[in-house]
Amino acid sequence: MKRINLLKPLNLAHTPTPIHRLNRISERWNGEIWIKRDDMTGAGLAGNKVRKLEYLLADAQAGKADTVITCGGVQSNHCRATALACAGLGLHCELLLRGDPPSEIEGNLLLDHLSGAGLHFIPGERYYDNLSGELARLATEVKARGGSPYIIPEGGSNAVGAWGYVEALRETRRQCRGLGLDPVRIVCATGSGGTHAGLLVGARLEGWDVEVVSITVSYDHDETVLRILEIADSMIDRYRLNIRVVRGDIHVIDDYIGDGYAKAGRDVLDVIAEMASCEGVVVDP
Numbered sequence: 127m128k129r130i131n132l133l134k135p136l137n138l139a140h141t142p143t144p145i146h147r148l149n150r151i152s153e154r155w156n157g158e159i160w161i162k163r164d165d166m167t168g169a170g171l172a173g174n175k176v177r178k179l180e181y182l183l184a185d186a187q188a189g190k191a192d193t194v195i196t197c198g199g200v201q202s203n204h205c206r207a208t209a210l211a212c213a214g215l216g217l218h219c220e221l222l223l224r225g226d227p228p229s230e231i232e233g234n235l236l237l238d239h240l241s242g243a244g245l246h247f248i249p250g251e252r253y254y255d256n257l258s259g260e261l262a263r264l265a266t267e268v269k270a271r272g273g274s275p276y277i278i279p280e281g282g283s284n285a286v287g288a289w290g291y292v293e294a295l296r297e298t299r300r301q302c303r304g305l306g307l308d309p310v311r312i313v314c315a316t317g318s319g320g321t322h323a324g325l326l327v328g329a330r331l332e333g334w335d336v337e338v339v340s341i342t343v344s345y346d347h348d349e350t351v352l353r354i355l356e357i358a359d360s361m362i363d364r365y366r367l368n369i370r371v372v373r374g375d376i377h378v379i380d381d382y383i384g385d386g387y388a389k390a391g392r393d394v395l396d397v398i399a400e401m402a403s404c405e406g407v408v409v410d411p
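Position one of the sequence shown corresponds to residue 127 (our numbering), numbered consecutively onward.
Below, the structure written as structure tokens:
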């Protein structure tokens, strides 16, 4: 494999994250189910976004940026992780948040506020119709006051950020070998597509015959497949990878979107409760 322009990542995540068997869930669900604990990548920086930020913020620093601009929902995990990581690195952060300002600041939005990030709320329709234009507008404002902006896309999902999950795939394979595991399938959640794309590209590079399946939390099947394929193709082009990913390689399930992003129904809450009571593991809705 020949790679170009692959920066040394920052050390933001606590890795490797552990893998362990879900004993009682495996019995209840009649399967052999293991979990990789990427909820343990850190405290305020926990979750899959941190692995992406290790590469994205390294790229921002390499380009001498002093302000990072990114976007997401009002309670976005990605925005929270980006804001806190920027604060720790001495970078300013501007967040473009989808939705109206809430009457009370709580949850991830509170952490965004405490980090010192600039918060910019826009209606959902405007967000979806002209996201690139809104990000460019913020970048222009940063330049006008003498700053040097770096834009991170929604979810940190591009060729740079997704490499964090190429390395996560390699980490997972090493752990599986050490545990004597030969999984047939890796399942993850997906929104903007970067985690799935990174895992799939990583599996191809490793020559690991494991199926990658994602459960979409926002976009429908076809839109999600397209997003994943575009990111995978951009990784192949950027790093000159000698692999190929086609639409048929991408397996997405969109049966659990429910009423929409961040709107958990009773079935989702029941699974969260089952995981917590059976395994002591709290998963996201």
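Cβ atoms here follow ideal geometry from the backbone N, Cα and C, with glycine treated the same way.
Proximity below 9 Å, CB of residue i to CB of residue j
i, j, result
"Ile277", "Ala262", "yes"
"Gly320", "Asn284", "yes"
"Ala207", "Gly242", "no"
"Leu295", "Ile312", "yes"
"Ala323", "Leu355", "yes"
"Lys148", "Glu405", "In the sequence on display, residue 148 carries Leu and not Lys. Yes."
"Gly287", "Leu182", "yes"
Residue i: first and last residue of the uninterrupted alpha helix (DSSP H) it sits in
i, result
"Gly290", "Trp289 to Leu305"
"Thr193", "Unbroken run through Thr193 is the beta strand (DSSP E), Thr193 to Gly199; no alpha helix (DSSP H)."
"Ile151", "Asn149 to Arg154"
"Val327", "Gly320 to Glu332"
"Ala209", "Asn203 to Leu215"
"Arg177", "Lys175 to Ala188"
Exposed unless 16 or more other CB atoms sit within 10 angstroms - verdict on residue i
i, result
"Arg370", "exposed"
"Lys178", "buried"
"His140", "exposed"
"Asp410", "exposed"
"Asp255", "exposed"
"Trp155", "exposed"
"Ala191", "buried"
Residue i, enclosing beta strand (DSSP E) - first and last residue
i, result
"His239", "That residue, His239, is in no beta strand (DSSP E); its alpha helix (DSSP H) goes Gly233 to Leu240."
"His140", "Per DSSP, His140 belongs to no beta strand (DSSP E) and is neither H nor E."
"Thr67", "The question about residue 67 has no answer, for the chain in this structure spans 127 to 411."
"Ile341", "Glu337 to Thr342"
"Glu158", "That residue, Glu158, is in no beta strand (DSSP E); it is neither H nor E in DSSP."
Selected residue, minimal CA-CA separation from residue i, among the options
i, options, result
"Ser202", "Cys219, Ile159, Gly290 and Gly233", "Gly233"
"Glu220", "Leu210, Val286, Gly374 and Ala188", "Leu210"
"Pro249", "Arg224, Arg271 and Lys190", "Arg224"
"Lys162", "Tyr181, Leu222, Arg252 and Cys314", "Cys314"
"Gly281", "Val327, Asp226 and His204", "His204"
"Gly386", "Val327, Tyr345, Leu132 and Asp396", "Tyr345"
"Asp381", "Ile341, Arg366 and Leu367", "Ile341"
"Gln187", "Leu215, Val176, Ala172 and Gly199", "Leu215"
"Thr193", "Cys212, Leu182 and Tyr181", "Cys212"
"Asp480", "Asp335, Thr350, Thr167 and Val327", "A query on residue 480 cannot be resolved here, the shown segment of the chain reaching from 127 to 411 and no further."
query: Going along the chain, which unbroken runs of the alpha helix (DSSP H) with 4 or more residues stay wholly within the region 360-409?
result: 392-405
query: Going along the chain, which unbroken runs of the alpha helix (DSSP H) with 4 or more residues stay wholly within the region 255-286?
result: 257-270
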